[in-house]
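*Asks:* For what it's worth, the numbering used here labels the leading residue of the sequence shown as 13, then goes sequentially.
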Amino acid sequence: MKRATEKIVLLVLLAVVGGLTYTAWQWRQDSGSDSCRVCQRHLHAGSQVIALRQGRQEAFCCPTCAMTLGRQVGQAVTVVELTDYETGSRIAPDEAYVVQGSNINLCLQHPVLTDSQKQPASMRFDRCSPSVLAFSSQQAAETFKQEHGGRLLPFSALPLN
């Protein structure tokens with residue numbers, strides 16, 4: 013009888029420790045991380061986005077990552093804050109202009125992947141493409157577009173889901 017009680021106490025203790033460990037891990041995941049919760053890329057100073065998903069604020073590396081997640085999981089993702097590409101300041105979505113599809117993509121500033129023959133691998137999909145960079149002024153967005161290409165539009169005109 014005493015041995016059975018010891019086993020039960022041990023199992024309860026293990027369950028409590030496991031639960032506390034999971035809670036601490038989850039808290040760490042939810043607290044200010046410097047990587048995107050979806051693609052695990054760095055949160056770029058010039059393209060970071062804060063969005064609501066399932067009632068919780070989450071940080072994304074770029075607007076495209078947030079929008080792609082919404083499409084892939086079929087959940088509403090509401091962007092609540094963008095980052096001005098030039099200044100790094102916060103912008104409300106209804107005040108932002110974006111350049112979509114320029115030759116600048118902060119998420120893809122990594123070495124080229126190679127195949128087994130050491131040739132550049134072709135990329136068929138990247139959740140952070142095409143690039144979407146936000147600006148607080150239409151003139152700044154227009155100047156950027158002239159230098160780097162892409163399509164200029166108000167953020168509200170982007171298809172989000």
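Ideal Cβ positions, reconstructed from N, Cα and C, are used throughout, including at glycine.
Using DSSP with H/G/I as helix, E/B as strand and the rest coil, what is VAL91?
*Replies:* Correct three-state label for VAL91: strand.
*Asks:* Would you please state the rounded distance, in angstroms, between the beta carbons of VAL144 and CYS74? I believe it to be under 8 Å.
*Replies:* Sure, about 6 Å apart at Cβ, within 8 Å.
*Asks:* Ordered along the chain, which non-local residues of its own chain (more than five positions away) have a Cβ less than 6 Å from that of GLY162?
*Replies:* Around GLY162: VAL111, GLN112, GLY113 and SER114.
*Asks:* Mind checking MET13: buried by the 16 CB within 10 Å criterion, or exposed?
*Replies:* With fewer than 16 other Cβ atoms within 10 Å, it is exposed.
*Asks:* From THR90 to ALA169, what does the alpha carbon distance come to, in whole angstroms?
*Replies:* Near 14 Å, if we compare the C-alpha coordinates of ALA169 and THR90.
*Asks:* Among the candidates GLN129, GLN158 and LEU81, whose CA atom is the shortest distance from the CA of ARG140?
*Replies:* Position check: residue 140 holds Cys in this sequence, whereas Arg was assumed. The residue with the shortest Cα to Cα distance from CYS140 is LEU81.
*Asks:* Look up ASP42 in the DSSP assignment and say whether it is helix, strand or coil.
*Replies:* Low confidence applies here, because ASP42 scores a pLDDT of 49, under 50, leaving its location unreliable; read the following figure in that light. In this structure, ASP42 counts as helix in the three-state DSSP scheme.
*Asks:* Here's the rule: buried if 16 or more other CB atoms are within 10 angstroms of the residue's CB, otherwise exposed. What is THR95?
*Replies:* With 16 or more Cβ atoms within 10 Å of its Cβ, THR95 is classed as buried.
*Asks:* Measuring straight from C-alpha to C-alpha, what distance separates GLN151 and ALA108?
*Replies:* One C-alpha to the other measures close to 11 Å.
*Asks:* Does the Cβ of ARG83 have 16 or more other Cβ atoms within 10 Å, making it buried, or fewer, making it exposed?
*Replies:* The residue in question, ARG83, is exposed, as its Cβ has fewer than 16 Cβ neighbours within 10 Å.
*Asks:* Quick one: complete alpha helix (DSSP H) runs, 4+ long, within the region 52 to 116?
*Replies:* As far as the region 52 to 116 is concerned, its whole alpha helix (DSSP H) runs of at least 4 residues are 75 to 85.
*Asks:* Would you mind sorting SER128 into buried or exposed? The rule is 16 or more other CB atoms within 10 Å of its CB.
*Replies:* It is exposed - the Cβ of SER128 has fewer than 16 other Cβ atoms within 10 Å.
*Asks:* Around the Cβ of LEU25, are there at least 16 other Cβ atoms within 10 angstroms (buried) or fewer (exposed)?
*Replies:* Counting Cβ neighbours within 10 Å, LEU25 comes out exposed, since fewer than 16 surround it.
*Asks:* Thinking VAL92 and PHE72 are a contact (beta carbons under 8 Å), I'd like their distance in whole angstroms, please.
*Replies:* Between PHE72 and VAL92 the Cβ distance is about 11 Å, and since that is not below 8 Å, they are no contact.
*Asks:* Pick out whichever of ALA63, ALA88, SER149 and LEU118 has its Cα sitting closest to the Cα of SER101.
*Replies:* Residue SER149 is the option with its Cα nearest to SER101.
*Asks:* Could you tell me the alpha carbon to alpha carbon distance between ALA78 and ILE103, rounded to whole angstroms?
*Replies:* Those two C-alpha atoms are separated by around 16 Å.
*Asks:* In the DSSP assignment, what residue or residues form a beta bridge with SER148?
*Replies:* Its beta-bridge partners do not exist; DSSP assigns none.
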